[in-house]
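In the UniProt record's numbering, the protein residues as written are 1 to 149.
In this text, a Cβ means the ideal position worked out from N, Cα and C, and glycines have one as well.
Predicted, not measured: the structure shown is a model, and the values here were computed from it.
Below: one structure, written as structure tokens.
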Amino acid sequence: MKCPYCNNPDTRVIDSRPAEDGSCIRRRRSCDICGKRFTTYEKVETIPLTVIKKDNTREQYDRRKVENGVVRACYKRPVATADIQKVVDRIETKVFSMEEKEIPSSAIGEAVMDELKTLDEVAYVRFASVYREFKDVSTFMDELKKILK
1 MKCPYCNNPD
11 TRVIDSRPAE
21 DGSCIRRRRS
31 CDICGKRFTT
41 YEKVETIPLT
51 VIKKDNTREQ
61 YDRRKVENGV
71 VRACYKRPVA
81 TADIQKVVDR
91 IETKVFSMEE
101 KEIPSSAIGE
111 AVMDELKTLD
121 EVAYVRFASV
131 YREFKDVSTF
141 MDELKKILK
């Protein structure tokens, strides 16, 4: 790693530890030439993921959209924010572990529903009612019967 102060191409790692969110490594480095210290962050580079929507349009994967959907489903439910973040992390891990450059939005929606089913059943039904576009009460009841089994 090149020193940002004197451009020395060789620096030493003094300390290495996970960053606050656990998604990258924080390294303290020292330059043997100028004696200055600096911090670097090492993160895994992921392939850009494109989501194929129902109407066949394509857009860049956006974690915030998944997070917003889960938060809306859990609105006024006894679900901790930390639990929501863990669910979104697991969904994202599932999506990226498919190792595809393009993924249908339905795969993401199913992953969200799988996670919500174990997190909170009411949140699951709320999300399913929007995701599966329930047209009438009988469709809604069919989904409820699946949960009760």
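Going along the chain, which residues of its own chain have a beta-carbon closer than 7 Å to the beta-carbon of residue i, five neighbours each way excluded?
{"i": "residue 109", "result": "131"}
{"i": "residue 12", "result": "29, 30, 32"}
{"i": "residue 67", "result": "88"}
{"i": "residue 42", "result": "24, 25, 27"}
{"i": "residue 5", "result": "31, 34, 36"}
Note the first and the last residue of the continuous alpha helix (DSSP H) segment covering residue i.
{"i": "residue 134", "result": "It is not in any alpha helix (DSSP H) - residue 134 carries neither H nor E in the DSSP assignment."}
Report all residues from its chain with a CB closer than 8 Å to the CB of residue i; omit the five preceding and five following residues, and keep chain order.
{"i": "residue 56", "result": "none"}
{"i": "residue 59", "result": "50, 51, 53"}
In the structure shown, what three-state DSSP assignment does residue i receive?
{"i": "residue 147", "result": "helix"}
{"i": "residue 142", "result": "helix"}
{"i": "residue 3", "result": "coil"}
Answer with buried or exposed for residue i, where buried requires no fewer than 16 other C-beta atoms within 10 angstroms of its C-beta.
{"i": "residue 115", "result": "buried"}
{"i": "residue 47", "result": "exposed"}
{"i": "residue 113", "result": "buried"}
{"i": "residue 44", "result": "exposed"}
Please go through the same chain and pick out, in chain order, the residues whose beta-carbon is closer than 6 Å to the beta-carbon of residue i, but skip the five residues on each side of it.
{"i": "residue 27", "result": "13, 16, 40"}
{"i": "residue 143", "result": "128"}
Over what stretch of residues does the beta strand (DSSP E) that includes residue i continue unbroken?
{"i": "residue 16", "result": "11-18"}
Just checking residue i against the ligand NAD - is the residue's beta carbon closer than 7 Å to any of the ligand's heavy atoms?
{"i": "residue 83", "result": "Among the components of this structure there are no ligands whatsoever, and the ligand NAD is therefore not found."}
Within the UniProt domain "ATP-cone" (49-139), note down every full beta strand (DSSP E) run reaching 3 residues or more, in order along the chain.
50-52, 58-60, 102-104
Handout entry: Completely contained beta strand (DSSP E) runs for the segment 26-50, where each covers 3 or more residues
Key = The segment 26-50 contains these whole beta strand (DSSP E) runs: 37-43.
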